[in-house]
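S.K.: Quick one: the structure is below, questions incoming.
Below is the structure:
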C-alpha cells in the first residue's frame with residue numbers, strides 16, 4: 003500500500019492535512035518536533051498522545067527514539083509504545099547499536115523502521131535485523147554528491163530480488179518532483195509536509211491558493 007506520511011508535530015497542520023488530502027501515515031522527526039513544540043507546554047509524549055487521538059488508533063504513527071545505545075533505544079521504544087496506543091511504530095537509526103536493537107524490539111512485539119539509511123548495505127542489514135521499513139534520506143544524499151533517488155531504486159530492486167518483505171520509504175524530499183521520482187523508483191512510503199502536499203495538488207495549474 004502506498005503511504006503519504008505527514009511529518010509534523012503541529013496538531014493544526016495535522017487536522018488541516020487530514021481534511022484536505024489522503025494522508026494515511028504520520029511521523030515525527032526530532033528537529034521538526036523540537037520546532038513545533040518550542041515555546042509551548044506540550045511535551046513529546048503529551049503531543050504524541052494528542053496526535054494519536056486526532057488520527058485514530060488504526061493510523062500508522064512512527065515515533066523516533068532518542069537513545070544512542072541499544073539499551074537506551076529499547077527503553078525509549080518500550081516507553082513510546084506503552085504510552086502511545088494504537089498502530090505505533092518506532093524509528094531506529096541505521097547504525098550498529100540500531101541493528102542490535104531492532105531484533106530485540108521485534109522479540110518484544112515492537113515494530114521498527116530503520117531511519118537515516120544511505121545505501122543498499124544498510125538497508126539489507128536493517129531488513130535482516132527485522133525492520134519493517136527502511137527510510138532513505140534522499141536530499142541529504144544529494145547534498146553529499148550522491149544519488150538519493152538512485153539509492154531508493156537500488157534498495158527496492160535488492161529487496162525484490164531477494165524476496166524481502168520490507169517497505170522502502172523515501173524521506174527528506176524537497177520538491178513535488180522528488181516525490182514523483184521516488185514513487186516511480188519503487189518507494190512505498192514518501193514523507194511530506196503540508197506545504198508539499200499543497201504544492202503537489204496544484205502544480206499542474208501553476209497556481210496555488212494556499
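Residue numbers (the working numbering): 3 to 212.
For each residue, glycine too, the CB sits at the ideal point set by N, CA and C.
(1) Determine whether the Cβ of residue 150 lies closer than 8 Å to any Cβ atom of chain C.
(2) For residue 60, I'd like the list of residues in its chain whose CB is within less than 8 Å of its CB, leaving aside the five on either flank, ordered along the chain.
(3) Using C-beta distances below 6 Å, list every residue in its chain close to residue 171, excluding the 5 sequence neighbours before and after it, in chain order.
(4) With a threshold of 7 Å on Cβ separation, who are the neighbours of residue 157 within its own chain once the five nearest residues in sequence on each side are excluded?
(5) Just list the residues that DSSP pairs residue 116 with in beta bridges.
(6) Pull the bridge partners of residue 191 from the DSSP assignment, please.
(7) Do residue 23 and residue 199 have their beta-carbon atoms positioned less than 8 Å apart in this structure?
(8) Is the Cβ-Cβ distance between residue 108 and residue 132 less than 8 Å?
(9) What do you reckon, are the CB atoms on residue 66 and residue 30 nearer than 8 Å?
(10) Taking residue 44 as the reference, give the member of 13, 118, 194 and 148 with the closest Cα.
(11) Comparing C-alpha positions only, which one of 106, 120, 97 and 92 sits nearest to residue 114?
M.R.: Looking at the coordinates:
(1) The displayed structure is made up of one protein chain only, and chain C is not part of it.
(2) Hits under 8 Å: 88 and 89.
(3) Scanning its chain for C-beta atoms nearer than 6 Å, with the 5 sequence neighbours on each side dropped, one finds around residue 171 the residues 135, 137 and 191, in chain order.
(4) If you ignore the 5 residues before and after residue 157, its C-beta comes within less than 7 Å of the C-beta of 122, 125, 136, 138 and 170, all in its own chain and listed in chain order.
(5) Checking the DSSP bridge columns, you'll see residue 116 partnered with 94 and 136.
(6) DSSP links residue 191 through a beta bridge to 5 and 171.
(7) Yes; because the gap between Cβ atoms is below 8 Å, this pair is in contact.
(8) It is a contact, given that the beta carbons lie within the stated cut-off.
(9) Cβ distance < 8 Å, so residue 66 and residue 30 count as in contact.
(10) If we check each option's Cα against that of residue 44, 13 comes out closest.
(11) Looking only at 106, 120, 97 and 92, the smallest Cα-Cα distance to residue 114 is reached by 92.
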